[in-house]
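Listed in order, the protein sequences are those of chains A and B. The opening position of the first sequence corresponds to residue 2 in the numbering used here, with each subsequent residue numbered one higher. The opening position of the second sequence corresponds to residue 26 in the numbering used here, with each subsequent residue numbered one higher.
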Amino acid sequence: MTTLIKNATIVNFNETKKANILIESEMIADITTDEPKTDTIIDANGKLVMPGLIDMHVHFRDPGLEYKDDINSGSESAVAGGVTTCLPMANTNPINDNAVITRDMIAKAKARGLIDLLPIGAITKSMDGNKVVEMGDMINAGAVAFSDDGLPVASSDVMRYALEYSKHFGSFVINHSQDCSLCHGGHMNEGRVSAILGIKGMPREQEEIMVSRDLLLAKLTGGHIHIAHVSSEWSLKLIKQARDEGINVTCEVTPHHFTYTEDELMNYDTNFKMSPPLRTKSDVTAVREAIANGLVDVIVTDHAPHHDDEKFIEFDKAPFGILGLQTLIPLTLNLVRDGLISYEKMVELTSTNAAKMLNLKDKGVIAKGMLADLVIVDPDMEYVYDKNLNKSKSSNSPLIGKTLKGAAVKTIKSGKVVFDFPNVVA
Amino acid sequence: MSYTKKDLITTSNLTKDEIYHFLNLAKEFKALNNSDVKKAKSLYGKTTVNAFFENSTRTRTSFEIAAKRLGADAINFSSSQSSTKKGETLIDTINNIVAMKTDIVVVRHYSSGAAKFVAANTDAHVVNAGDGLNEHPSQALLDLFTILEHRGNLENLTVAIIGDIFHSRVARSNIYAMQTLGIKVKLFGPPMMLTGMEAFGCRICKSMQEALEDTDVIIMLRIQLERQDDEVTFPSVREYSNFFGLTRAKMKFAKDDVMILHPGPINRGVEINSDVADDPRYTHILNQVENGVAVRMAILHTLISNKQG
Numbered sequence: 002m003t004t005l006i007k008n009a010t011i012v013n014f015n016e017t018k019k020a021n022i023l024i025e026s027e028m029i030a031d032i033t034t035d036e037p038k039t040d041t042i043i044d045a046n047g048k049l050v051m052p053g054l055i056d057m058h059v060h061f062r063d064p065g066l067e068y069k070d071d072i073n074s075g076s077e078s079a080v081a082g083g084v085t086t087c088l089p090m091a092n093t094n095p096i097n098d099n100a101v102i103t104r105d106m107i108a109k110a111k112a113r114g115l116i117d118l119l120p121i122g123a124i125t126k127s128m129d130g131n132k133v134v135e136m137g138d139m140i141n142a143g144a145v146a147f148s149d150d151g152l153p154v155a156s157s158d159v160m161r162y163a164l165e166y167s168k169h170f171g172s173f174v175i176n177h178s179q180d181c182s183l184c185h186g187g188h189m190n191e192g193r194v195s196a197i198l199g200i201k202g203m204p205r206e207q208e209e210i211m212v213s214r215d216l217l218l219a220k221l222t223g224g225h226i227h228i229a230h231v232s233s234e235w236s237l238k239l240i241k242q243a244r245d246e247g248i249n250v251t252c253e254v255t256p257h258h259f260t261y262t263e264d265e266l267m268n269y270d271t272n273f274k275m276s277p278p279l280r281t282k283s284d285v286t287a288v289r290e291a292i293a294n295g296l297v298d299v300i301v302t303d304h305a306p307h308h309d310d311e312k313f314i315e316f317d318k319a320p321f322g323i324l325g326l327q328t329l330i331p332l333t334l335n336l337v338r339d340g341l342i343s344y345e346k347m348v349e350l351t352s353t354n355a356a357k358m359l360n361l362k363d364k365g366v367i368a369k370g371m372l373a374d375l376v377i378v379d380p381d382m383e384y385v386y387d388k389n390l391n392k393s394k395s396s397n398s399p400l401i402g403k404t405l406k407g408a409a410v411k412t413i414k415s416g417k418v419v420f421d422f423p424n425v426v427a
Numbered sequence: 026m027s028y029t030k031k032d033l034i035t036t037s038n039l040t041k042d043e044i045y046h047f048l049n050l051a052k053e054f055k056a057l058n059n060s061d062v063k064k065a066k067s068l069y070g071k072t073t074v075n076a077f078f079e080n081s082t083r084t085r086t087s088f089e090i091a092a093k094r095l096g097a098d099a100i101n102f103s104s105s106q107s108s109t110k111k112g113e114t115l116i117d118t119i120n121n122i123v124a125m126k127t128d129i130v131v132v133r134h135y136s137s138g139a140a141k142f143v144a145a146n147t148d149a150h151v152v153n154a155g156d157g158l159n160e161h162p163s164q165a166l167l168d169l170f171t172i173l174e175h176r177g178n179l180e181n182l183t184v185a186i187i188g189d190i191f192h193s194r195v196a197r198s199n200i201y202a203m204q205t206l207g208i209k210v211k212l213f214g215p216p217m218m219l220t221g222m223e224a225f226g227c228r229i230c231k232s233m234q235e236a237l238e239d240t241d242v243i244i245m246l247r248i249q250l251e252r253q254d255d256e257v258t259f260p261s262v263r264e265y266s267n268f269f270g271l272t273r274a275k276m277k278f279a280k281d282d283v284m285i286l287h288p289g290p291i292n293r294g295v296e297i298n299s300d301v302a303d304d305p306r307y308t309h310i311l312n313q314v315e316n317g318v319a320v321r322m323a324i325l326h327t328l329i330s331n332k333q334g
């Protein structure tokens, strides 16, 4: 099976060029100006072709909470968002804290065949914060990193051990940075809006204290700490200082944290309730600057489906989290439109850096010999993100029903077209 | 101008005219309440349900009396007897109540924003009778009515709200309504009960003396222990009383004609000592309770008038 993507504007992290992409079987066989005869031709004229996006932070709720999403619907959401590789977090039910579950998750994704699923194992057994999982066994089964995401690892001693042990296997630890002793039942950012609404808040310092601790533990151990969904200005300052001093730290941000402020909560809309919470204008500005100046390594979605019934409820009872996979491209393109980053930088943040961090040598770049994981993007297409387009079983996104600009019009995984935007020819 | 919205959820969007509409109407209903036959007909044939998901005695009774005096069939519903204990959602419970042809639902709930959520998802008129830490609009209106009745006007006033401000829905509703009327509002309390209160643009006082001096009305708030789960609160009730309670000794800083209000129930000897709370020169606490019925009659009457209009 051969495919030619012709008239492509290929965007890599280091260059943009016009060329044709020849795909043979699963691989990119050539980048060429020729037009060899192939089984299929895709005309990408006027569109951007990027490496398939890699989302290092999703929740597919499978096993155990499949009514919210499962690996199949999660895969469909991913490719509809141009994402061809997903790293699901471990807070499933049962928790992904052992090799058996890791293998099962991978097998289910393979059976559906839309994406590569690279599970993140729990840091601790049952995510109880006490005993580190069998990391080596889980890595052999296909786990790529470790996180108790959704919960912080409260014990410094356990975190130290996790960093040391993951380093031994060449892996890394992702912490959900939250000092819960500073939460007291908070449901949003503590500040002006929480005071007005009468909702208990979570101060930014709750995140910053834990970021500080983990940076110090990374200094102590030499382990690699990856700071998940950074949301505060001071967290970024701390990360910058640590990186300048040679500490092995990487970090991620989400589109909702570089797009929205806490002001969105003024109507108690549970679709804006997330953890870490939406913060202030100065935090959003800091996150955007950190993206522009290279401090942020990857953009992730923290795709967190919750059933409609769970969000259609009193604000303080509703769970944290929103969908993200299908809004990753339009919200990230806003950064390009705002002049904050280039298309090349967008590719670096959504694909190339993740491939490097995860040591995925055949992903993250469009070049001869790489896996044919590709997304064809129309940056200017306007459309309503409605329930027909939404592939998740859940619809907990504040963007449902809104007009978005920019979309994956065709997603190709290992040489096969796995998503076509309805009624659009690419 | 009369009030034309479907619901009464907040004082933050009330205009000056709308506030006076409720206060003027309350004056008429208070006169009715003081007559021999305490009965009007504006809610005759209507059904009101007091849907209380949080314990209350005086507010629920006040709304019940208000509805009955206007001729409505007033039904009380409390969550301890309700289907929410069986796992039914708030909105399903409300929709079942409304399906029984209820005209007005008076909601008290422990979650901030719950009344707004209910109002947005039902056709019945909704009155917020206190939602979490957020608002308690009828309490703010009855406070204003009590002040207006005693002083004759609401011009050039300074009001001090003292105590557990953060956890007080009474404080929020009062702040909004008072600021709309041009009343200066001062706030004072322990720092952990003032978190984020700069957001309201009120003067934050550093001492009881600062709060009491040049103040026309003192609103003392109850410590909301039931809304402080897992929170680090003040060190002790004894210390709270010493530094933040209103005592006879501290009254030397207050004006001679100062009014003292309290939304109740009072923790005697904690936020206010009995010799102040019961001093007829200052206290208007029972007037507030009496006026509450008239204000709630004004609210129910107005919402039903909107429906008919």
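From the three backbone atoms N, C-alpha and C, an ideal C-beta is built for every residue, glycine too.
May I ask which residues mark the beginning and end of the alpha helix (DSSP H) holding residue i?
i: H230/A; result: H230/A -> no alpha helix (DSSP H), and no H or E assigned at all.
i: N120/B; result: L115 to A124
i: S103/B; result: Looking at the DSSP string, S103/B is not in any alpha helix (DSSP H); the run it does join, the beta strand (DSSP E), is D98 to S103.
i: I44/B; result: K41 to N58
i: I292/A; result: K282 to A293
i: D61/B; result: Careful: D61/B lies outside any alpha helix (DSSP H) and carries neither H nor E.
i: S148/A; result: Premise fails: S148/A lies in the beta strand (DSSP E), A146 to S148, not in any alpha helix (DSSP H).
i: V262/B; result: V262 to F269
What residue range does the beta strand (DSSP E) around residue i cover?
i: F61/A; result: No beta strand (DSSP E) holds F61/A; DSSP gives it neither H nor E.
i: R338/A; result: Premise fails: R338/A lies in the alpha helix (DSSP H), L329 to R338, not in any beta strand (DSSP E).
i: P380/A; result: L375 to V385
i: M284/B; result: M284 to L286
i: A236/B; result: Here A236/B belongs to no beta strand (DSSP E); instead the alpha helix (DSSP H) covers M233 to L237.
Judging by CA-CA distance, which residue of the options is the nearest neighbour of residue i?
i: F321/A; options: A305/A, N190/A and L334/A; result: A305/A
i: F259/A; options: I248/A, K18/A, H177/A and P331/A; result: P331/A
i: A368/A; options: D31/A, K19/A and N8/A; result: D31/A
i: L5/A; options: N13/A, V50/A and V12/A; result: V50/A
i: C252/A; options: T262/A, S233/A and Y261/A; result: S233/A
i: V283/B; options: I244/B, L206/B and N298/B; result: I244/B
i: D35/A; options: I22/A, I29/A and N46/A; result: I22/A
i: K201/A; options: D317/A, L279/A and A100/A; result: D317/A
i: V242/B; options: V130/B, V184/B and T72/B; result: V184/B
i: P37/A; options: G47/A, A20/A, K48/A and P52/A; result: A20/A
i: D264/A; options: P277/A, M275/A, N272/A and K282/A; result: K282/A
i: S60/B; options: E89/B, S81/B and R94/B; result: R94/B
For residue i, return the contacting residues in chain A, with the cut-off set at a CB-CB distance below 7 Å.
i: N75/B; result: In chain order: nothing, as chain A lies at least about 18 Å away.
i: A165/B; result: The contacting residues do not exist; A165/B stays about 14 Å from chain A at best.
Give me, in chain order, the residues of the same chain whose beta-carbon lies closer than 6 Å to that of residue i; leave out the 5 immediate sequence neighbours on both sides.
i: G334/B; result: Annotation note: pLDDT 49 at G334/B (below 50); position unreliable, coordinate value reported separately. Cβ within range, chain order: n/a, list empty.
i: N94/A; result: G65 and L66
i: G83/A; result: L54, I330, V376, A409 and T412
i: E264/B; result: none
Measure the CB-CB distance between residue i and residue j and report whether it falls below 8 Å.
i: I377/A; j: I342/A; result: no
i: M153/B; j: A145/B; result: Residue identity differs from the one stated: residue 153/B is Asn in this sequence, not Met. It is not a contact, given that the beta carbons lie outside the stated cut-off.
i: T255/A; j: G325/A; result: yes
i: L39/B; j: T327/B; result: no
i: L212/B; j: C227/B; result: yes
i: H225/A; j: K312/A; result: no
i: F78/B; j: R133/B; result: yes
i: N99/A; j: M139/A; result: yes
i: A219/A; j: V250/A; result: yes
i: A196/A; j: T220/B; result: yes
Can you pull the chain B neighbours of residue i, defined as C-beta to C-beta under 7 Å?
i: Y269/A; result: G138, K141 and F142
Which residues of chain C have a Cβ atom closer than 8 Å to the Cβ of residue i, listed in chain order?
i: R197/B; result: No chain C appears in the structure shown, which is made up of the protein chains A and B.
Between which residues of its own chain and residue i is the CB-CB distance below 7 Å, once the five residues before and five after are set aside?
i: D363/A; result: M371 and L372
i: K69/A; result: R62, P306, H307, H308, K394 and S395
i: I200/B; result: V210, F225 and C227
i: M65/B; result: First, the residue type needs correcting, since residue 65/B is Ala and not Met in the sequence shown. Only L57, R94, L95 and G96 meet the Cβ criterion.
Against residue i, what residues of chain A qualify as contacts under a CB-to-CB distance less than 8 Å, listed in chain order?
i: T114/B; result: D310, F313 and I314
i: N120/B; result: Here the premise fails: no neighbours, minimum Cβ distance about 12 Å.
Ordered along the chain, which non-local residues of its own chain (more than five positions away) have a Cβ less than 8 Å from that of residue i?
i: I44/B; result: T36, L166, L169, A202, T205 and L206
List, in order along the chain, the chain A residues whose C-beta lies closer than 9 Å to that of residue i?
i: L57/B; result: Ordered by position in chain A, no residue passes the 9 Å Cβ test against L57/B, which lies about 34 Å from the chain.
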